[in-house]
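Novice: Numbering (full-length UniProt numbering), first residue to last: 1 to 205.
We put the CB at the ideal spot given by N, CA and C, even for glycine.
One structure, as structure tokens, below. Some questions next.
In structure tokens:
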């Protein structure tokens with residue numbers, strides 16, 4: 001059984017200001033985001049991870065380093081481009097409220113099966129799923145009995161945890177979004193995935 005421990009990056013300046021922060025932009029971790037990452041690290045410090053897979057974006061890389069500083073073993077980071085956040089095109093780096101009146105913004109949030117970002121040069125849910133699911137599937141096959149740490153992004157992780165466990169596209173935005181530095185776990189026996197823990201922040205609160 002492969003266990004994936006999925007951590008959303010720490011809270012950033014753009015998170016606080018409610019700016020679009022997708023796969024094309026970055027902003028620094030806030031002090032509370034750094035502290036959340038350290039607490040996640042203490043929570044996970046005894047897990048014998050065989051791999052640490054991290055999005056190339058700075059906020060995820062910084063979060064991963066802070067997590068690993070707390071670990072009982074010295075672990076290396078493997079940067080995986082397909083774990084980057086969903087891309088929002090020309091919306092990136094701008095306040096969400098500038099676009100909240102648009103039909104495609106509403107589709108992004110509430111009706112993902114209708115979301116079409118072509119006009120804004122963004123990435124569709126189909127494109128995100130196609131690139132990110134192979135990471136989980138490949139490592140589940142190649143590491144059948146391992147614990148794997150993934151540090152990525154809120155939307156990428158939410159979509160993948162739901163998609164891999166059979167949630168239809170129309171429903172993948174339902175439920176509580178993943179909080180910064182939350183830990184979620186998903187299990188694989190090589191032929192499928194089962195959600196184990198969703199959005200655990202007990203070590204922070």
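Taking residue 198 as the reference, which of 182, 190, 75 and 191 has the closest Cα?
Specialist: Of the candidates 182, 190, 75 and 191, the one whose C-alpha sits nearest the C-alpha of residue 198 is 182.
Novice: Roughly how far, in whole angstroms, is the beta-carbon of residue 58 from the beta-carbon of residue 36, given that I think they are within contact range, below 8 Å?
Specialist: Wrong, their Cβ atoms sit about 16 Å apart, outside the cutoff.
Novice: Just to check my reading of the structure: residue 86 and residue 22 have Cβ atoms closer than 8 Å, yes? What is that Cβ distance to the nearest angstrom?
Specialist: Yes, residue 86 and residue 22 are in contact; Cβ-Cβ is about 5 Å, under 8 Å.
Novice: Please check the pair residue 169 and residue 136, which I expect to be a contact at CB under 8 Å, by giving their CB distance rounded to whole angstroms.
Specialist: That pair is no contact at about 17 Å.
Novice: Apart from the five residues just before and just after residue 217, which ones in its own chain have a Cβ nearer than 8 Å to its Cβ?
Specialist: This structure cannot settle anything about residue 217, because the visible part of the chain is limited to 1 through 205.
Novice: Can you look up residue 92 in the DSSP assignment and give me helix, strand or coil?
Specialist: The answer is coil: DSSP assigns residue 92 none of H, G, I, E or B.
Novice: Report the three-state DSSP secondary structure of residue 193 (helix, strand or coil).
Specialist: Residue 193 falls in the strand class under three-state DSSP.
Novice: Looking at the strands, I want to know which residues DSSP matches up with residue 77.
Specialist: Partner(s): none; residue 77 has no beta bridge.
Novice: What is the DSSP secondary structure of residue 5, reduced to helix, strand or coil?
Specialist: Note: residue 5 maps to strand in three-state DSSP.
Novice: Would you mind sorting residue 153 into buried or exposed? The rule is 16 or more other CB atoms within 10 Å of its CB.
Specialist: Answer is buried; the Cβ neighbour count reaches 16.
Novice: Under 8 Å, Cβ to Cβ, is there at least one residue of chain C near residue 97?
Specialist: Note that chain C does not occur in the displayed structure, where there is just one protein chain.
Novice: If I follow the unbroken beta strand (DSSP E) through residue 178, where does it start and stop?
Specialist: No beta strand (DSSP E) holds residue 178; DSSP gives it neither H nor E.
Novice: How far does the beta strand (DSSP E) with residue 159 in it extend, from its first residue to its last?
Specialist: No beta strand (DSSP E) contains residue 159, which is instead part of the alpha helix (DSSP H) from 154–164.
Novice: For residue 26, count neighbouring C-beta atoms within 10 Å of its own C-beta (all shown protein chains included) and say buried if the count is 16 or more, exposed if not.
Specialist: Per the 10 Å Cβ criterion, buried.
Novice: Could you spell out the range, first to last residue, of the alpha helix (DSSP H) harbouring residue 185?
Specialist: Unbroken run through residue 185 is the beta strand (DSSP E), 183–188; no alpha helix (DSSP H).
Novice: Can the beta-carbon of residue 134 be found less than 8 Å from the beta-carbon of residue 81?
Specialist: In this structure, residue 81 does not lie closer than 8 Å to residue 134 by Cβ.
Novice: Span of the beta strand (DSSP E) holding residue 52?
Specialist: Taken as a continuous stretch (DSSP letters only), the beta strand (DSSP E) holding residue 52 covers 49–54.
Novice: Can the beta-carbon of residue 12 be found closer than 8 Å to that of residue 24?
Specialist: No. Outside cutoff.
Novice: When the distance is taken between beta carbons, is residue 20 closer than 8 Å to residue 94?
Specialist: Against a cut-off of 8 Å, the Cβ pair of residue 20 and residue 94 comes out as a contact.
Novice: Compare the Cα-Cα distances from residue 70 to each of 43, 91, 49 and 60 and report the closest residue.
Specialist: Out of 43, 91, 49 and 60, 43 has the C-alpha closest to the C-alpha of residue 70.
Novice: Which first and last residues belong to the alpha helix (DSSP H) in which residue 59 is found?
Specialist: Unbroken alpha helix (DSSP H) run through residue 59: 58–69.
Novice: What three-state label does DSSP hand residue 134 in the structure shown?
Specialist: Three-state result, residue 134: helix.
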